[in-house]
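Protein chains in written order, with my numbering: chain A, 34 to 265; chain B, 34 to 265.
Idealized CB from N, CA, C, for every residue including glycine.
What follows is a single structure, written as structure tokens, with notes after it.
Dropping the structure here:
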């Protein structure tokens, strides 16, 4: 399988939360994948998918785009492998969380990592990144639309209240088993992390879950390349 | 089984969303129940449960309070009956929605039905209702804390976005099968409905789901007694 995966100026920087969901879903299923670094302005490279966003997964003769569609594709084509959803109700749960993320975390996270993402994208993506994000966040300069770490962490903590309450009683969002519900929420933290931003205060009770997620699948997320400034 | 169920001045008015969840869960399991009308100031009547809120379910020798605990109790003691959750992942989903409701709909719904609920409670509950709700909503008179129908409907519509997006693809929140996930969200609409308040605009695409919920279990929710002012 081949995954077109959003990359920064450095090929190794992979910072799309939606691509991370697919990476983790593939690891969950035990399916090997080759990732191909892709930039926002590489529209021609994925034109064969009929649209212009990653993740795009090429699985033999089939091309699937959109992280949710890819998760369903993997679950449906590999029912014998460990389940991403844990059944029909679990699939509905993941679908709800997918939508909840868009309306709860997505208004916050991209503004928390805005300047870091702008600095990290490939030079040829930078103009597009600035103009598209400035339009999205109220036609203001990126520098004004960006949240400080303190602002972003406070908004994240508030938005995550239901998640935190479930994790107070269960090791994973899906209950006792790791699954796609966790990957959805974790993907945002991984985006922030590889860009060198802490989306969660060190004292947050969700840190234990975050560590479990970083360790999952032989530390796939933990081993991801992180911007040097962040590692410092 | 015996359920202590929040009632208004009129015994027939049952307007607690949490008690409605239990009523629907019992119907889902096909378990008959006797409901006992209870008022906010009837603390002695449920002192045996060790706390002061309804729903309280007496199931033979066991007493269970808190709607979530009651749902889990019913699922665990009647595994042979139709499942409320659809498995472990579905139980985690319902738990998430239970918490999501508290942080998303609960800040809105009680303020949308505030004046109607105040008028509907038993005379002996009215002082307690006013003082406790005024304290909860910023130490303002009820009349100032209450949302207009238009305000409340707009806030509800916004809060319900992830729900609406799931229901655009599935007949129920839990996917193809009716279950406790639906009862959680529906319970707020039923509270508003019996108090004569429309929590959803007539044009809202969730109306089809709302009608399915009102029809479920031989129209249990639809047949509920509604304040006469509302019926007019």
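Beta-carbon proximity check, residue i vs residue j, cutoff 8 Å
{"i": "residue 100 (chain B)", "j": "residue 54 (chain B)", "result": "yes"}
{"i": "residue 104 (chain B)", "j": "residue 58 (chain B)", "result": "yes"}
{"i": "residue 155 (chain A)", "j": "residue 72 (chain A)", "result": "yes"}
{"i": "residue 52 (chain A)", "j": "residue 87 (chain A)", "result": "yes"}
{"i": "residue 98 (chain B)", "j": "residue 250 (chain B)", "result": "no"}
{"i": "residue 242 (chain B)", "j": "residue 200 (chain B)", "result": "yes"}
{"i": "residue 50 (chain B)", "j": "residue 212 (chain B)", "result": "no"}
{"i": "residue 153 (chain B)", "j": "residue 42 (chain B)", "result": "yes"}
{"i": "residue 169 (chain A)", "j": "residue 74 (chain A)", "result": "no"}
{"i": "residue 63 (chain A)", "j": "residue 119 (chain A)", "result": "no"}
{"i": "residue 48 (chain B)", "j": "residue 228 (chain B)", "result": "yes"}
{"i": "residue 254 (chain A)", "j": "residue 260 (chain A)", "result": "no"}
{"i": "residue 173 (chain B)", "j": "residue 239 (chain B)", "result": "no"}
{"i": "residue 258 (chain B)", "j": "residue 117 (chain B)", "result": "no"}
{"i": "residue 230 (chain B)", "j": "residue 188 (chain B)", "result": "no"}
{"i": "residue 38 (chain B)", "j": "residue 68 (chain B)", "result": "yes"}
Proximal residues of chain B, C-beta to C-beta of residue i below 8 Å
{"i": "residue 118 (chain A)", "result": "122"}
{"i": "residue 212 (chain A)", "result": "122"}
Where residue i sits in the DSSP three-state scheme
{"i": "residue 71 (chain B)", "result": "strand"}
{"i": "residue 155 (chain A)", "result": "coil"}
{"i": "residue 245 (chain B)", "result": "helix"}
{"i": "residue 49 (chain B)", "result": "coil"}
{"i": "residue 175 (chain A)", "result": "helix"}
{"i": "residue 38 (chain A)", "result": "strand"}
{"i": "residue 111 (chain A)", "result": "coil"}
{"i": "residue 252 (chain B)", "result": "helix"}
{"i": "residue 148 (chain A)", "result": "helix"}
{"i": "residue 95 (chain B)", "result": "strand"}
{"i": "residue 66 (chain B)", "result": "coil"}
{"i": "residue 227 (chain A)", "result": "helix"}
{"i": "residue 199 (chain A)", "result": "helix"}
{"i": "residue 89 (chain A)", "result": "strand"}
{"i": "residue 221 (chain B)", "result": "helix"}
{"i": "residue 207 (chain B)", "result": "coil"}
{"i": "residue 137 (chain A)", "result": "helix"}
{"i": "residue 55 (chain B)", "result": "helix"}
{"i": "residue 257 (chain B)", "result": "coil"}
{"i": "residue 185 (chain B)", "result": "helix"}
Closer than 8 Å at the beta carbon, the chain A residues around residue i
{"i": "residue 70 (chain B)", "result": "Residues of chain A passing the Cβ test: none, with the nearest at roughly 31 Å."}
Nonlocal neighbours in the same chain, by C-beta distance under 6 Å from residue i, ignoring five residues either side
{"i": "residue 225 (chain A)", "result": "146 and 232"}
{"i": "residue 66 (chain B)", "result": "34, 36 and 59"}
{"i": "residue 129 (chain A)", "result": "none"}
{"i": "residue 96 (chain A)", "result": "82"}
{"i": "residue 148 (chain A)", "result": "179"}
{"i": "residue 234 (chain A)", "result": "186"}
{"i": "residue 164 (chain A)", "result": "none"}
Contacts around residue i, its chain only, beta-carbon distance under 7 Å, and the 5 residues preceding and following it disregarded
{"i": "residue 264 (chain B)", "result": "Note that residue 264 (chain B) has pLDDT 45, beneath the 50 cutoff, so the model's placement of it is unreliable and no number is given."}
{"i": "residue 269 (chain B)", "result": "Not covered by the structure: residue 269 (chain B). The range shown for chain B is 34 to 265."}
{"i": "residue 143 (chain A)", "result": "none"}
{"i": "residue 44 (chain B)", "result": "70"}
{"i": "residue 115 (chain A)", "result": "61 and 62"}
{"i": "residue 217 (chain B)", "result": "54, 127, 130, 131 and 134"}
{"i": "residue 237 (chain B)", "result": "190"}
Own chain, CB closer than 8 Å to residue i, minus 5 neighbours either side, in chain order
{"i": "residue 162 (chain B)", "result": "73, 150, 151 and 154"}
{"i": "residue 159 (chain A)", "result": "151"}
{"i": "residue 171 (chain A)", "result": "178"}
{"i": "residue 256 (chain A)", "result": "none"}
{"i": "residue 182 (chain B)", "result": "145, 230 and 231"}
{"i": "residue 167 (chain B)", "result": "173, 174, 175 and 178"}
Near the ligand COA: residue i beta-carbon under 7 Å from a heavy atom
{"i": "residue 159 (chain B)", "result": "The model depicted lacks the ligand COA and carries no ligand whatsoever."}
Tell me which residues of the stretch 197-209 of chain B have at least one Cβ-Cβ distance to chain A shorter than 9 Å, keeping chain order.
197, 198, 199, 202, 203, 205, 206, 207, 208 and 209
Residues within the stretch 123-135 of chain B neighbouring chain A, beta-carbon criterion of under 8 Å
123, 124, 125, 126, 128, 129, 130, 132, 133 and 135
Give the residues from the stretch 175-198 of chain A that approach chain B closer than 7 Å (Cβ to any Cβ), ordered along the chain.
194, 195 and 198
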